[in-house]
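Taking it in order: structure first as structure tokens, then the write-up.
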Amino acid sequence: MTTATKTVKIQNRLGMHARPAMLFAEIAGKFAATITVARQDSEPVDAKSIMQLMMLAATEGTVLTIDAQGDDADSAIAELVDLVSSGFNE
Amino acid sequence: MDIIVKDAIIPKLKATNRDGVITEMVDALVKSGCASEDQCEEFTKAIIRRENKGSTGFGHGVAVPHVKHVDIKTMHIAIGNSSEGVDFKALDREPVYSIVLLLSPEDQPENHLDAMEAIFSSLSQDTFRRFLRQANSSEDVLTLLTETDNAVR
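Laid out in structure tokens, this is it:
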């Protein structure tokens, strides 16, 4: 069992609105690992749930900590960090 | 929560399909004075276009269709219930019974995300979804929202 954690900053102007949240949950869902996302000041939410991701209200500049536990934790973190730092391809 | 328009709370939607529901709800916002007649069609089409790109039916029988538009100056929210359920091409393929529709200003992404946060904090609770779905009048819906609001604070 591997554990991986990384922080990443929201780059796009619109933040993690519905479409980015869908993309994020979709990618997270490909991995077997348990993945959570947290803002600095709040409880972690399930990275595979769009509703919970929307509850982060992650605006541009928000720093998120992504944490994954499971055999594919490293690749999960790599892909999700890529997605956020690329500004969700917006 | 005053961005929720009382006259645009529709406890019994007449429309039975997705685009009809969106049209009915935008119409209600227009009739409440939240948008002008000539913007009605544009906003409705924009919401449908957005929905076609990816359903906002994120599961659990709820959908949150929305549009960000330069011609929207302040955020307005309509709420509708369908007793039969509507096919929103939801991610879990289940029918949608409660719809929260947002008209959101293009240049206020923070407000948009804050509103979404508030909406999903409520919609992610089983009891809230159940009470919302059972609400028979706009007063019922407003009471539910006020109670939830107080519980959060």
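Note that the protein sequences, when read in sequence, are chains U and W. 87 is the number that this note's numbering gives to position 87 of the first sequence; each next residue is one higher, with no gaps. Here this note's numbering = 1-based position in the second sequence + 1000. Heads up, the beta-carbon is just placed ideally off N, CA and C, and yes, glycines get one too.
Taking the Cβ atoms as the reference, I50 (chain U) lies roughly 5 Å from A21 (chain U), within the contact range of under 8 Å. Apart from sequence neighbours up to five positions away, the residues of its chain that approach G1085 (chain W) with a beta-carbon distance below 6 Å are P1095 and Y1097, ordered along the chain. Cα atoms of K1053 (chain W) and I1047 (chain W): separation of roughly 10 Å, rounded to the nearest angstrom. Annotation: Cβ neighbours of M1116 (chain W) in chain U (cutoff 9 Å, chain order): H17, A18, A21, M54, M55 and A57.
Contact check between the region 1009 to 1026 of chain W and the region 44 to 64 of chain U: fewer than three CB pairs, one atom from each, fall below 8 Å, which does not count as touching. The beta carbon of V1030 (chain W) is closer than 8 Å to those of S1036, E1037, Q1039 and C1040 in its chain, skipping five residues each way along the sequence.
Between K1089 (chain W) and the set W:I1077, W:G1061 and W:V1100, the nearest pair of CA atoms involves W:G1061. S1137 (chain W) and V45 (chain U) have their C-alpha atoms spaced approximately 33 Å apart. Contact annotation: in the region 38 to 52 of chain U, residues whose CB is within less than 9 Å of a CB in chain W are S49, I50, M51 and Q52. In the structure shown, Q1134 (chain W) adopts helical secondary structure according to DSSP, grouped into three states.
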